[in-house]
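So the protein lines, in turn, are chains A and B.
Counting along the first sequence from 1, when you hit position 140 you're at 163 in this note's numbering, and nothing is skipped either side.
Counting along the second sequence from 1, when you hit position 74 you're at 97 in this note's numbering, and nothing is skipped either side.
Every residue, glycine too, gets a C-beta built ideally from N, C-alpha and C.
Below is one structure; the comments refer to it alone.
Number of protein chains: 2
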Amino acid sequence: MSEAIADDLTPAQGDLYSGPTMSRTFAKPASIADVARVAGVSVPTVSRVLTGAAKVSAERRERVQRAIVELGYRPNSAARALVSGKQTIIAVMTSDTTIYGYSATIEGIEVAAREAGFFVVISVIEFSDAAEVDRAVSLALGQPLAGIIVLKFDPAGVQILKSLPRDIPLVAVSGELDDSLSQAVLDEEAAGAEMTRYLLGLGHATVHHVSIPPSRKEDGRTIGWRKALAEAGAETPPIISASWAADSGVRIGLGLAARPDITAVFCGNDEVAMGVIAGVVDSGRRVPDDVSVVGFDDHPLSRIWRPGITTAMQDFGSLGKRAFSLLALQIEGEESPARSSERPPLVIRASAAPPPRR
Amino acid sequence: MSEAIADDLTPAQGDLYSGPTMSRTFAKPASIADVARVAGVSVPTVSRVLTGAAKVSAERRERVQRAIVELGYRPNSAARALVSGKQTIIAVMTSDTTIYGYSATIEGIEVAAREAGFFVVISVIEFSDAAEVDRAVSLALGQPLAGIIVLKFDPAGVQILKSLPRDIPLVAVSGELDDSLSQAVLDEEAAGAEMTRYLLGLGHATVHHVSIPPSRKEDGRTIGWRKALAEAGAETPPIISASWAADSGVRIGLGLAARPDITAVFCGNDEVAMGVIAGVVDSGRRVPDDVSVVGFDDHPLSRIWRPGITTAMQDFGSLGKRAFSLLALQIEGEESPARSSERPPLVIRASAAPPPRR
DNA sequence: AGTTCGCATGATAACGTTTTCAAAAGTCAG
DNA sequence: CTGACTTTTGAAAACGTTATCATGCGAACT
């Protein structure tokens with residue numbers, strides 16, 4: 024008997040040497056049929072061993088497992104996906120992966136997805152015109168996707184969301200709740216308001232705001248800032264817009280430093296705050312003695328920066344995990360859009376202080 | 024005739040309402056057979072319109088395209104992959120996505136892959152024990168992968184590489200060439216040596232080195248540093264090891280500042296350099312007046328840091344693109360391992376200066 | 001001992017495409 | 001008007017897996 028098996032050890036390799044020009048051909052991978060033949064059992068039995076869906080006698084299971092390692096067999100997941108109809112890939116669509124908040128969120132999604140047996144594909148979709156986004160999106164939709172998570176932190180994310188069909192599980196991640204979608208959010212509005220109140224509480228007459236590119240007219244941080252100022256009866260100065268580029272904060276800081284009436288600046292994120300601080304310091308004023316500058320996100324370098332940056336701690340890892348949970352709910356057939364919100368706590372460091380006495 | 028078609032407009036939906044408990048069921052997606060039925064043509068004809076593989080009369084093509092938009096048909100890529108045997112997913116395996124160099128490389132890979140019609144899945148595999156890595160790797164291998172790119176910047180990457188079978192297209196990305204694999208590298212050794220020579224040229228007696236977790240015994244930056252010191256006949260001080268954690272640099276900086284004989288420090292990357300600078304400044308010494316501190320990578324925040332950090336510019340985006348090109352070569356059946364190397368240029372900013380006069 | 005039950009097993013269908021291959025329908029030249 | 005092409009079309013097979021169903025076998029019960 025062992026001889027009969029030995030005869031069959033090699034899988035079908037008819038096309039292994041398909042021509043003299045192919046110098047190195049990856050051998051055609053073993054299929055479940057090859058395993059069955061080598062193990063001397065039927066195809067479904069191998070499948071049962073693989074999936075554990077039904078009982079198989081110890082002796083046969085043993086034979087199958089030996090055949091599997093011998094042939095280096097790996098299941099073809101395309102065939103699996105086709106027959107089971109179940110997809111295991113989750114697409115994350117975003118305009119950028121190098122910004123800290125973005126990559127940290129993606130890593131959170133990835134970890135949660137992997138634990139649940141899903142894989143994450145990243146689609147970086149830059150914002151150009153709507154047609155371009157459409158094209159990129161439909162390309163991604165060509166994949167066998169179980170669901171999609173969109174990082175809606177900026178205008179590109181909004182555009183992506185617009186291009187997406189609604190017949191597939193979908194979750195948006197952002198800083199503010201809006202439409203009827205399933206959303207994982209960090210409550211930026213509350214945190215922005217708290218940060219503003221903190222600065223006012225230090226004695227500043229008002230707080231200036233440097234905003235990052237918002238996903239809609241105004242992001243949650245800005246709204247919270249505006250509300251807190253209104254509550255306190257403080258004047259609302261015009262918003263200063265920064266870009267994602269590192270230098271943009273520096274230029275703004277330079278401009279801010281020229282105005283001695285400005286004593287407190289709330290920046291849309293920590294990177295911008297670092298730039299603003301650099302600009303202010305470059306023009307000879309001190310932070311926080313002359314001007315207080317605070318950020319948002321708690322970037323890993325914020326605690327290292329000198330002065331350490333007072334900020335709101337966004338737990339992007341948890342945000343990503345919550346986004347995945349919401350998506351998993353939909354994949355399982357849950358009907359109604361769900362929301363998950365968390366409120367970022369303040370992290371007090373050294374970059375904010377009472378205003379200078381005049 | 025139009026009526027006959029109208030009767031058939033809806034795709035098969037037998038299981039659309041599969042039970043009273045399912046309140047919202049995603050309709051079973053239209054298949055190519057549904058499209059064929061609605062358009063009144065055969066299944067292969069629809070396929071031909073889709074792939075453009077053969078000519079179809081204008082009138083039928085028109086009918087098919089109308090049916091496609093009407094049904095919102097999207098091809099099932101699992102079925103496609105199954106029959107064609109071609110895979111379109113590339114896995115990037117890495118231990119981290121939030122470190123700047125890592126995420127920038129991944130973005131470069133992603134952009135190049137998308138242009139070539141591939142998708143990128145990210146596998147974050149933390150380094151614990153070898154068995155754990157094995158498990159994570161074989162899980163990822165369950166996907167229908169066209170190829171794999173491993174970010175071999177650290178010990179985790181090395182372990183991942185060890186767990187990977189060699190019967191699948193594979194490229195490693197790192198800072199130094201070693202074994203027979205296809206590799207995309209940045210020539211860290213040359214850049215490390217150049218940086219060290221630069222510091223010696225400013226008049227420093229020797230240069231201390233703070234290293235980040237290396238992928239093997241010593242990374243390219245360290246080797247270049249060692250060689251340049253030897254060339255110049257300078258003493259080689261013991262290496263100081265930092266971790267990826269932001270604080271670790273600060274602690275090291277504190278220690279370094281206590282030793283007045285140390286005037287030049289070459290850090291393994293910019294984040295660590297920022298930490299070291301913070302630590303040095305915290306203990307009352309000045310950078311670069313008392314101590315010169317330089318980094319590596321050209322992190323986007325390095326130009327904003329005060330003082331601006333002198334560093335070596337690593338083009339991670341191009342690194343990622345080169346890695347993908349190498350992989351594409353293998354996927355097309357190229358036999359021999361290929362290499363691609365690039366040399367990072369120095370970026371002179373303000374954090375290094377001649378040593379203080381004694 | 002005969003019948004029924006439970007369980008392991010294998011044959012076969014199904015999933016949604018693309019790829020042959022053969023047939024049908026034109027098209028052109030003689 | 002016929003024969004030989006070329007082009008367009010459809011039928012059927014194939015891809016590798018899981019799901020369904022029937023079968024055979026031994027054990028347990030009457």
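For the region 281-305 of chain A, the residues whose beta carbon sits under 7 Å from a beta carbon of chain B are, in order, 294, 297, 298, 301, 304. At least one beta carbon of chain B lies nearer than 8 Å to the beta carbon of residue 121 of chain A.
Closest in alpha carbon position to residue 329 of chain A, among B/355, B/83, B/309, B/157, is B/309. Of the other Cβ atoms in all chains shown, fewer than 16 fall within 10 Å of the Cβ of residue 138 of chain B; this residue is therefore exposed. By the criterion of a C-beta distance shorter than 6 Å, residue 370 of chain A is surrounded in its chain by 321, 334, 336, once the five residues flanking it on both sides are discounted. Taking the Cα positions, residue 176 of chain A is about 16 Å away from residue 215 of chain A.
Taking residue 316 of chain B as the centre and dropping the five residues before and after it, the same chain places the C-beta of 288, 296, 299, 300, 310, 374 closer than 6 Å to its C-beta, in chain order. The three-state reading of DSSP puts residue 365 of chain A in strand, counting E and B together.
For the pair residue 103 of chain A and residue 59 of chain B, the Cα-to-Cα distance works out to about 25 Å. The residues 279, 280, 285, 286, 287, 288, 303, 308, in chain order, have a CB closer than 8 Å to that of residue 314 of chain A in the same chain once the five nearest residues on each side in sequence are set aside. Counting C-beta pairs closer than 8 Å gives fewer than three between the region 342-361 of chain A and the region 345-353 of chain B, which falls short of the contact rule. With the criterion set as a beta carbon lying under 9 Å from some beta carbon of chain B, the members of the region 259-283 of chain A are 268, 269, 270, 272, 273, in sequence order. For residue 104 of chain B, the nearest CB of chain A lies under 8 Å from its own CB, placing it at the interface with that chain. By DSSP's assignment, residue 284 of chain B forms no beta bridge with any residue.
Residues of the region 131-156 of chain A with a C-beta atom less than 7 Å from some C-beta of chain B are 133, 134, 142, 143, 144, 145, 147, listed in chain order. Counting the other CB atoms within 10 Å of its CB gives residue 68 of chain A a total of 16 or more, which places it among the buried residues. The three-state secondary structure of residue 320 of chain A, taken from DSSP, is strand. The C-alpha of residue 150 of chain B is placed about 32 Å away from the C-alpha of residue 267 of chain A. The continuous alpha helix (DSSP H) containing residue 352 of chain B extends over residues 339-354.
Between residue 235 of chain A and residue 265 of chain A, the gap from beta carbon to beta carbon is short of 8 Å. In the structure shown, residue 170 of chain B adopts extended strand secondary structure according to DSSP, grouped into three states. Your pair residue 212 of chain A and residue 247 of chain A checks out as a contact, with CB atoms roughly 4 Å apart and the cut at 8 Å. In the DSSP assignment, residue 132 of chain A falls within the alpha helix (DSSP H) that extends over 123-138. DSSP, read as helix, strand or coil, puts residue 206 of chain A in strand.
Scanning B/219, B/355, B/218, B/184 for the CA closest to the CA of residue 203 of chain B turns up B/184.
Scanning the region 78-128 of chain B for uninterrupted alpha helix (DSSP H) segments of 4 residues or longer gives 81-94, 100-107, listed from N- to C-terminal end. Against chain B, a Cβ distance below 8 Å from residue 164 of chain A picks out 97. Around residue 76 of chain B, no beta-carbon contact reaches into chain A at under 7 Å, the shortest distance being about 17 Å. Close CB contacts of residue 62 of chain A within its chain, under the 6 Å cut and outside five residues either way in sequence, are with 86, 87, 90 (chain order).
When the alpha-carbon of residue 226 of chain A is set against those of A/141, A/208, A/378, the nearest one is in A/378. A residue is called buried once 16 or more other Cβ atoms fall within 10 Å of its Cβ, and residue 343 of chain A is buried on that count. Residue contact check for residue 244 of chain A against chain B: no CB pair falls below 8 Å. Beta-bridge annotation (DSSP): residue 66 of chain A is not paired with any residue. Spanning the alpha carbons of residue 219 of chain B and residue 182 of chain B requires a straight line of approximately 30 Å. Residue pairing by DSSP places residue 193 of chain A opposite A/171 in a beta bridge. Distance check between residue 57 of chain A and each of A/92, A/189, A/144 places A/92 closest, using alpha-carbon atoms only.
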